[in-house]
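Those protein sequences? They're chains A and B, same order as listed.
For the first sequence, the UniProt record's numbering begins at 1 and goes up steadily by one.
For the second sequence, the UniProt record's numbering begins at 1 and goes up steadily by one.
Note that the Cβ used here is the ideal one computed from N, Cα and C, for glycine as well.
Model, not experiment: these values are computed from the prediction.
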Amino acid sequence: MRSPPRPARRRVLLGAAGLAAATALGGTAAFRALASRRGLATRTRAGLAFGTVAALTVAGPDEPALDAALDDGFAAIRAVEAAASLLRPDSALSRLNRAGYLDAPPADLTAMLAFALDLARRTDGAFDPTVQPLWPLWSEASARGEKPEAAALRAVVARIGWRRVRLTPERIAMEPGTALTLNALIQGHAADRVMAALRARGIEDAFVDTGEFGARGTHADGTPWRLGIADPRRTETLAAVIAPFTGFAATSGDYQMCFSADRADHHIFDPATGRSPRDLSSVTVTAESGLLADGLSTACMVLGAARGRDLVAGFPGCTTHFIGKA
Amino acid sequence: MTHEASRLTPPSPRRGGRDAHALLCHLVAILLVFLALPAHAGTLGRAGLEKHFPPPLVVGERDDRIPVWPILKQEAGAYEIIAYAFESIDFARIPGFGGTAPDLLIALAPDGTFRDAKVIAHHEPVFLEGLGSEPLFAFVEQYVGLSARQPIRVGRPNARAAGAAPATTVDGISMATASTRVINETMLAASLAVAREKLGFGAVNTGLRVEAKPDYAPLGLAELERRGWVKRWRMTPAEVDAAFAGTGLADPDPGAPDEPFSDLTIAYLNVPTIGRAILGEAAYARLMREIGPGAHAVMVVSSGHWSPLPDDFVLGSVPDRLTIQQGGLTVNARDAAWERRDLAPDLPAGPWTLLKIGDAAGFDPSAPWSLSVKVTRERGQIFPEKIAREIATEYRLPPDLFTRAVPDEGPSWTDSWRARASELGIIAAALALLVPVLARHDALVAKSRPFGLFRLGFLAFTLGFVGWTAQAQLSIVTLVGTVRALIHTGDFGFLLYDPPSLLIWGFVLVTLVVWGRGTFCGWLCPFGALQEFCAFLAKPLRIRQVTVPPRLDRALRQVKYAVLAAILLAAALGSPLADTVSEVEPFKTAITLYFARSWPFVLYAVGLLVLNLFVYKGFCRYLCPLGASLALAGRLRLLDWIPRRTECGSPCQLCKVRCRYGAIEPSGRIDYPECFQCMDCVTIIHDPAQCVPQVVARRRGRRIVPRPVAAE
Chain A
1 MRSPPRPARR RVLLGAAGLA AATALGGTAA FRALASRRGL ATRTRAGLAF GTVAALTVAG
61 PDEPALDAAL DDGFAAIRAV EAAASLLRPD SALSRLNRAG YLDAPPADLT AMLAFALDLA
121 RRTDGAFDPT VQPLWPLWSE ASARGEKPEA AALRAVVARI GWRRVRLTPE RIAMEPGTAL
181 TLNALIQGHA ADRVMAALRA RGIEDAFVDT GEFGARGTHA DGTPWRLGIA DPRRTETLAA
241 VIAPFTGFAA TSGDYQMCFS ADRADHHIFD PATGRSPRDL SSVTVTAESG LLADGLSTAC
301 MVLGAARGRD LVAGFPGCTT HFIGKA
Chain B
1 MTHEASRLTP PSPRRGGRDA HALLCHLVAI LLVFLALPAH AGTLGRAGLE KHFPPPLVVG
61 ERDDRIPVWP ILKQEAGAYE IIAYAFESID FARIPGFGGT APDLLIALAP DGTFRDAKVI
121 AHHEPVFLEG LGSEPLFAFV EQYVGLSARQ PIRVGRPNAR AAGAAPATTV DGISMATAST
181 RVINETMLAA SLAVAREKLG FGAVNTGLRV EAKPDYAPLG LAELERRGWV KRWRMTPAEV
241 DAAFAGTGLA DPDPGAPDEP FSDLTIAYLN VPTIGRAILG EAAYARLMRE IGPGAHAVMV
301 VSSGHWSPLP DDFVLGSVPD RLTIQQGGLT VNARDAAWER RDLAPDLPAG PWTLLKIGDA
361 AGFDPSAPWS LSVKVTRERG QIFPEKIARE IATEYRLPPD LFTRAVPDEG PSWTDSWRAR
421 ASELGIIAAA LALLVPVLAR HDALVAKSRP FGLFRLGFLA FTLGFVGWTA QAQLSIVTLV
481 GTVRALIHTG DFGFLLYDPP SLLIWGFVLV TLVVWGRGTF CGWLCPFGAL QEFCAFLAKP
541 LRIRQVTVPP RLDRALRQVK YAVLAAILLA AALGSPLADT VSEVEPFKTA ITLYFARSWP
601 FVLYAVGLLV LNLFVYKGFC RYLCPLGASL ALAGRLRLLD WIPRRTECGS PCQLCKVRCR
661 YGAIEPSGRI DYPECFQCMD CVTIIHDPAQ CVPQVVARRR GRRIVPRPVA AE
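Spelled out as structure tokens, the structure:
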């Protein structure tokens, strides 16, 4: 399970977005020729979201429509942030964590939470959105150069449990001492929302990077989108390439926010122990929605390769790429 | 024997003040009608920013809450945040010298250094048509590479080369002290506002450093409690019930009736007398070392029935039932995970926390702060509704326990007053000398030659020192700024940055009410003095004064009011035309910039000086908008102070003819709005050899005894 914040997040999926943006900006002659033969222009817009950089690339014949689509795409990102970003003290989720309940929660929040609770049930709690109280414990200890004491860890783990959350469309309520994080899902869900907004604007070719990835159609020049999966230990090199890439992909890994130099302790917690799972280094899941890809990838990190594969097998149309700890 | 025929009228209360007042009210009313507020907001937008940050830089999507654009750079498919770009006008609108706030484009790197600083728009008169904008651009360039985490001050020109701290000083520009200060304040205020939002620094008290003095007195806990340095805060159940009044919620877990609801012991530990009493010498030293310089430690021990530190309180976390507040803001305080065994044994038993307040929190322990506890009660069984109430208590320590260090010695306007203290002293002394000379008509004024020398000397001082040295030429620009501030910004702070001018403005406003506009126009206007000196050239050059026909003269005198009205109207409407029309004044060219300016301006100023050879002070009498404003305000004048005789005007026309300003009517009446207080007519009237009625009387063997009479 992920917890906030994720500063200096390192990119592990790269390739397609980067290549698309670079070519769009730099404009190699060959690319421009091909793109114009198809009568398509390309637009890329980057912005800060979820504590990292999000970038949307769209292609289409009508340039003003591309700009309008990008506006809508970022508006969708802002809406998701306002619903569930823990980096925003005024987000609905932050308010829920402070008060213990929330009336009339926004649709983005209920959609993510409903999915999270369902996945928690299906994974028997291996995926659990209530691991948030572990975060301050680990980050504080890490700031002192220590690890949390076992007793303190036990006390916090006792406050974890997805059954402590009651969700209805009108109200979310939690037992005292419970705190939620949807960081494991928020970027994947944002990719879904952005893609829907782009489609509503008639965009056929798009590449969405909200921290997790979504693609539709092809590059403006007709070549397929490609998604590189970086080696978690040497993030400049690719461990695998998904090509052609359409749909959604999400990666969870031990490389992003580490509490220890050996990457044994990081931002994904096993809800049962309050510590990080030891099996995998990174998991990439492709799925037909960003929410599903993001949730499954985190669940797989906790479950490990074997049980993770069993889980994903229950969701048709999904693929996995596991990279074990070296 | 009729002596009444020749009488001097001494200074006397004047009439007509009410009319003038009505006129002014009218003018103000007209100006206020035009309350068209122009929108003051950033104008660049994405397209504008992309010009300033071209590829390979990428202008990211604007922040959805504040007008800040991330500037990104793409490398190997990943984006890196280079800076946050914003326009200062969206965050700090500090009126410049002309009353309009400058707009700067600032790019702040994530570490708080200035990556870029450019001028988008400014209305600083000294740069607009004077020095040109290049020195201003170069001034702003100096910020690139400096950090907004430190206070930055404007030094003298070449201050950096002369050894000023290069991280905290930028070189000033002579002749533009006020404008550069405004730019500096704008840079820092806007950047700190953005840093607060995006970079996590820039608290209210940024730069302020308050530290406990090292003095230690061995006081016991009882004495500390008596002094309030260790605060015992007992809350009764009744107080808590009062906080929940109206909710119908009772304490779910009431204690014994005589037991306090909660009982907190609060202490600020950095003060050695308090910290050592509680922790002992060694642990106190250890704590101070551990939290580090600039940080603060506050202890809270809870011994009551209800505790703000519940059993599940996590060591090292931010307590959610306890907050420290100061000045309306919550101070970020976090449990420091400190050992209980260090605590003084005579403190109450119970849960405790030692809260650490970081250096960047902007906490000022020498000022009062409050500790508040959050008490929650629930309604309902299955999905209980939580209702929280915050109850606070104040904690304050005597300020003399602390040293307060403000890195920038005071707000910057006091700097300019300190820096110009000697100039202010000299000008004040000169004004103190001028007043009695002008007030006592029978002393120096009555002596033609010595007074003439005094006048020349004073005018030389006005031109050389007040004008060229102290740069205190009053100008219509100040009035424009005041009108803009009055209508648009409400900030008159810009007036404070030019102390010598403000001193003279104050003096002029007082003398305006006593004597009228003449005190300024005839004695304190450097350009007026320059014209007067130039006029001495007329004789050797055999230039004869042109006699302006009276009707034309009267018409031309009205022109200056039209110019004034145009300028003030433009200022009231927020139009930049006000600055353009203000160029009617040659003051900037001749005085501020010593004629070192582009040729059309020099031609104009020199032209006015040449005109002055033919039509004495033609600019002052016909064109000067500042003179016009003073003449208008001068209608509030209380005294008809120029002595008159009944012969004045009929039959004697001597003073009228000799008045170089045409301020005496054929009837002998003084036209005060046109009077420059040169005192020529006062000298004449006191000189038995010049004043015709006196000469005539003496020839007839009589002596005229001046006697006061009532005013006409």
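- For valine 682 of chain B, the closest alpha carbon among the candidates B:Met299, B:Pro151 and B:Ala439 is that of B:Ala439.
- Annotation for serine 501 of chain B: the continuous alpha helix (DSSP H) segment containing it runs 499-514.
- Residue-level contact by beta carbon holds for aspartate 312 of chain B and chain A, with a gap shorter than 9 Å.
- In summary, threonine 57 of chain A is buried, with 16 or more beta-carbon neighbours lying within 10 Å of its beta-carbon over all protein chains present.
- Using a CB distance cut-off of 9 Å, isoleucine 357 of chain B does not count as an interface residue toward chain A.
- Pro55, Pro56, Val58, Gly60, Glu61, Arg62, Asp63, Asp64, Pro70, Leu72 and Gln74: these are the residues of the segment 51-74 of chain B whose beta carbon lies less than 8 Å from some beta carbon of chain A, given in chain order.
- Straight-line spacing of the CA atoms in glycine 145 of chain B and proline 166 of chain B works out to 10 Å.
- Under the DSSP assignment, histidine 321 of chain A falls in the beta strand (DSSP E) whose first and last residues are 319-324.
- At a C-beta separation below 9 Å, phenylalanine 74 of chain A has these neighbours in chain B: Glu61, Arg62 and Asp64.
- In this model, leucine 626 of chain B and serine 191 of chain B are separated by some 37 Å (Cα to Cα).
- One alpha carbon belongs to alanine 99 of chain A, the other to arginine 379 of chain B, and they sit about 14 Å apart.
- The beta carbon of alanine 107 of chain B does not come within 9 Å of any beta carbon belonging to chain A, so the residue lies off that interface.
- When DSSP states are grouped into helix, strand and coil, isoleucine 278 of chain B belongs to the helix group.
- Here alanine 243 of chain A carries a coil assignment [DSSP, helix/strand/coil].
- The alpha carbon of valine 559 of chain B has as its nearest neighbour, out of B:Asp579, B:Val584, B:Pro540 and B:Phe536, the alpha carbon of B:Val584.
- Closest in alpha carbon position to alanine 419 of chain B, among B:Arg156, B:Arg62 and B:Leu136, is B:Arg156.
- Inclusion of glycine 214 of chain A and valine 194 of chain A in the CB contact set at 9 Å is warranted, their separation being smaller than that value.
- Check the Cα spacing between isoleucine 173 of chain B and each of B:Arg149, B:Ile642 and B:Val140: the tightest is with B:Val140.
- Annotated three-state conformation of isoleucine 642 of chain B is coil, per DSSP.
- Look at glycine 214 of chain A here: in three-state DSSP terms it is strand.
- Residue pairing for glutamine 150 of chain B: DSSP places it in no beta bridge.
- With its beta carbon less than 9 Å from one in chain A, glutamate 80 of chain B belongs to the interface.
- In the three-state scheme derived from DSSP, where H, G and I count as helix and E and B as strand, phenylalanine 465 of chain B is classed as helix.
- Lysine 356 of chain B: member of the beta strand (DSSP E) spanning 352-357, first to last residue.
- Leaving aside the five residues that flank valine 695 of chain B on each side, the residues in its chain whose CB is nearer than 8 Å to its CB run, in chain order, Pro688 and Ala689.
- Ranked by Cα distance from tyrosine 84 of chain B, the options B:Ala109, B:Val119, B:Gln74 and B:Ala78 are led by B:Ala109.
- Comparing alpha-carbon positions, the option among B:Pro102, B:Ile81 and B:Pro368 lying closest to isoleucine 89 of chain B turns out to be B:Pro102.
- The shortest CA-to-CA distance from glutamate 647 of chain B to any of B:Val615, B:Cys691 and B:Ala222 is the one to B:Cys691.
- Under the Cβ distance rule, alanine 191 of chain A does not count among the residues neighbouring chain B, no pair being separated by less than 9 Å.
- Secondary structure of valine 546 of chain B (DSSP, three-state): coil.
- With a contact defined as Cβ atoms closer than 8 Å, valine 483 of chain B and leucine 568 of chain B qualify at about 6 Å.
- Residue-level contact by beta carbon holds for serine 317 of chain B and chain A, with a gap shorter than 9 Å.
- Shown here for aspartate 491 of chain B: same chain residues with a beta carbon closer than 6 Å to its own, the five before and five after excluded, namely Pro95 and Ala485 in chain order.
- In this structure, arginine 232 of chain B places its C-beta atom within 9 Å of the C-beta atom of threonine 265 of chain B.
- At least one CB atom of chain B sits nearer than 9 Å to the CB of threonine 44 of chain A.
- Not flagged as an interface residue toward chain A: alanine 295 of chain B, since no C-beta distance is shorter than 9 Å.
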